[in-house]
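Asks: In the numbering used here, the protein residues as written are 1 to 299.
Beta carbons are placed, not taken as given, at the ideal position from N, Cα and C, and that holds for glycine.
Source: prediction; values computed, not measured.
1. Judging by CA-CA distance, which residue of 58, 36, 19 and 31 is the nearest neighbour of residue 194?
2. Could you say which of 240, 45, 191 and 140 lies nearest to residue 83 if we only look at CA atoms?
3. Let me know if residue 33 comes out buried or exposed under the rule of 16 or more other beta-carbons within 10 Å of its beta-carbon.
4. Would you say residue 113 and residue 279 are within 8 Å of each other, going by their C-beta atoms?
5. Can you tell me whether residue 215 is buried or exposed, with buried defined as 16 or more other CB within 10 angstroms of its CB?
6. What's the C-alpha gap between residue 183 and residue 206?
7. Measure the Cβ-Cβ separation of residue 269 and residue 76 and say whether it is below 8 Å.
8. Is the stretch 40–58 touching the stretch 256–266, taking contact as three or more C-beta pairs under 8 Å?
9. Residue ranges of each alpha helix (DSSP H) run of no fewer than 4 residues wholly in the stretch 71–119, ordered along the chain?
10. Measure from the alpha carbon of residue 202 to the alpha carbon of each residue in 44, 21 and 37, then state which is nearest.
11. How many Å lie between residue 295 and residue 138 at the Cα?
12. In this structure, how does DSSP classify residue 224 when only helix, strand and coil are distinguished?
13. In chain order, what residues of the same chain lie with their CB nearer than 7 Å to the CB of residue 118, ignoring the 5 residues before and after it?
14. Under a three-way DSSP split, which group does residue 146 fall into?
15. Could you please give me the residues that DSSP links to residue 313 through a beta bridge?
16. List the whole-angstrom C-beta distance separating residue 285 from residue 27, where the pair is believed to meet the contact cut-off of C-beta under 8 Å.
17. Tell me the DSSP secondary structure of residue 66 in three-state form.
18. Determine the DSSP secondary structure at residue 229, reduced to helix, strand or coil.
19. Thinking just about the alpha-carbon of each residue, which of 13, 105, 120 and 40 is nearest to the one in residue 275?
20. Starting from the C-beta of residue 266, find all residues in its chain whose C-beta is less than 7 Å away, skip the five residues before and the five after it, and write them out in chain order.
21. When you compare each of 12, 2 and 291 to residue 317 by their alpha carbons, which one comes out closest?
22. Quick one: grab the DSSP three-state call for residue 295.
23. In chain order, what are the residue ranges of uninterrupted beta strand (DSSP E) at least 3 long that sit wholly in the stretch 152–176?
24. Going straight from the alpha carbon of residue 39 to that of residue 152, what length do you get?
25. Could you tell me the boundaries of the beta strand (DSSP E) in which residue 269 lies?
26. Can you say whether residue 48 is buried or exposed, counting buried as having 16 or more other CB atoms within 10 angstroms of its CB?
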């Protein structure tokens with residue numbers, strides 16, 4: 001079954017909520033367990049008074065107007081696709097390249113994203129002074145002090161950005177990239193989301209910066225693997241390939257999968273220019289091998 005999403009109406013969690021409702025009805029339920037909630041007024045741009053919008057409270061560099069000066073955006077026909085399986089062994093190996101304190105504190109998402117960002121930058125080989133951007137989608141459902149009710153199916157996420165010059169990314173170990181991702185991701189709360197709404201109202205809904213940008217979104221926990229329309233749960237559920245946004249190669253998703261050996265993990269589809277994919281595979285291989293045997297243990 002294939003689904004197309006109108007992202008102005010719903011995010012991944014909202015799409016799965018709709019599909020879950022359809023699945024329940026298909027199995028004979030009289031009504032969906034989770035009732036849909038519109039609630040779009042919850043995330044409107046905040047007003048100082050009846051006529052004046054509050055300005056954004058954060059810099060929101062993810063929406064900077066960045067020019068593509070060096071042809072960083074490559075057409076689809078010159079892209080190749082490849083998926084990477086990352087299970088507990090691979091995550092443990094990547095963590096073995098981090099200082100022990102950071103390895104304990106960073107989430108799997110932060111560790112994998114920092115690894116992908118550094119390896120991708122190495123493979124693309126940009127000029128040392130080029131600013132490289134790593135955008136992470138962060139869902140605010142379930143966060144402390146959230147205003148998002150159960151059943152809300154609209155967009156309830158932000159896209160904070162970590163920024164570094166290519167030179168600094170490549171001159172430092174992968175821990176540098178992981179720490180930048182952590183800092184950007186953990187900035188997001190309800191106030192951040194409302195600040196995004198203020199920026200959108202102020203600047204006319206700008207697109208996020210694309211040149212030298214990589215975006216990752218973790219859809220491994222949205223529940224799409226649990227959907228059952230009456231003939232059992234899916235073998236695979238998620239985006240069909242990497243780079244599935246308007247700009248080729250910009251986005252990857254973390255998708256929950258079980259590999260051929262029965263191991264649970266995530267699949268990361270990646271879309272890159274053909275000549276750089278082999279370099280990317282090589283760099284990923286380095287970080288998915290443990291730094292030393294005694295640090296390689298199941299997390």
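Replies: Reading from the atomic positions:
1. In the chain shown, residue 194 corresponds to position 194, counting from 1. Residue 194 has its Cα closest to that of 58, out of 58, 36, 19 and 31.
2. If you number the chain shown from 1, residue 83 lands on position 83. For residue 83, the nearest C-alpha among the options comes from 240.
3. Within the chain shown, the letter at position 33 stands for residue 33. Per the 10 Å Cβ criterion, exposed.
4. The residue labelled residue 113 in the question sits at position 113 within the chain shown. The residue labelled residue 279 in the question sits at position 279 within the chain shown. No.
5. Within the chain shown, numbered from 1, the residue matching residue 215 stands at position 215. Residue 215 comes out buried.
6. In the chain shown, counting from the first residue as 1, residue 183 sits at position 183. In the chain shown, counting from the first residue as 1, residue 206 sits at position 206. Distance between the alpha carbons of residue 183 and residue 206 is about 23 Å.
7. Here residue 269 refers to the residue found at position 269 of the chain shown. Here residue 76 refers to the residue found at position 76 of the chain shown. Against a cut-off of 8 Å, the Cβ pair of residue 76 and residue 269 comes out as no contact.
8. no
9. 88–95 and 100–105
10. Here residue 202 refers to the residue found at position 202 of the chain shown. Selected option, being the one with the closest Cα: 44.
11. Indexing the chain shown from 1 puts residue 295 at position 295. Indexing the chain shown from 1 puts residue 138 at position 138. Interpretation of residue 295 is limited by its pLDDT of 46, a score under 50 that renders its predicted location unreliable; the figure taken from the coordinates is listed afterwards. Looking at the two C-alpha atoms, the distance is approximately 30 Å.
12. Looking up residue 224 in the chain shown gives position 224. Correct three-state label for residue 224: helix.
13. Along the chain shown, read from residue 1 onward, the residue named residue 118 stands at position 118. These residues qualify, in order along the chain: 169, 174 and 177.
14. The residue labelled residue 146 in the question sits at position 146 within the chain shown. If DSSP states are grouped into helix, strand and coil, residue 146 belongs with coil.
15. The question about residue 313 has no answer, for the chain in this structure spans 1 to 299.
16. Residue numbering aside, residue 285 sits at position 285 when the chain shown is read from its first letter. Residue numbering aside, residue 27 sits at position 27 when the chain shown is read from its first letter. At roughly 44 Å, the Cβ-Cβ gap does not stay under 8 Å, so residue 285 and residue 27 are not in contact.
17. In the chain shown, the residue the question calls residue 66 occupies position 66. Residue 66: coil per DSSP, three-state reduction.
18. Locating residue 229 in the chain shown gives position 229, counting from the first residue. Coil at residue 229, not helix or strand.
19. In the chain shown, counting from the first residue as 1, residue 275 sits at position 275. The candidate whose alpha carbon is nearest that of residue 275 is 120.
20. As a working note, residue 266 is residue 266 in the chain shown. The residues are 86, 220, 254, 255, 256 and 257.
21. Outside the modelled stretch of the chain, which goes from 1 to 299, sits residue 317, for which no answer is possible.
22. Working through the chain shown from its first residue, we reach residue 295 at position 295. Here the model assigns residue 295 a pLDDT of 46, short of 50, so the residue's position is not dependable and the matter cannot be decided.
23. 161–165
24. Working through the chain shown from its first residue, we reach residue 39 at position 39. Working through the chain shown from its first residue, we reach residue 152 at position 152. Using only the alpha carbons, I get a separation of about 7 Å.
25. Mapped onto the chain shown, residue 269 falls at position 269. Residue 269 -> beta strand (DSSP E) spans 264–273.
26. What you label residue 48 is simply residue 48 of the chain shown in a count that begins at 1. So residue 48 counts as exposed.
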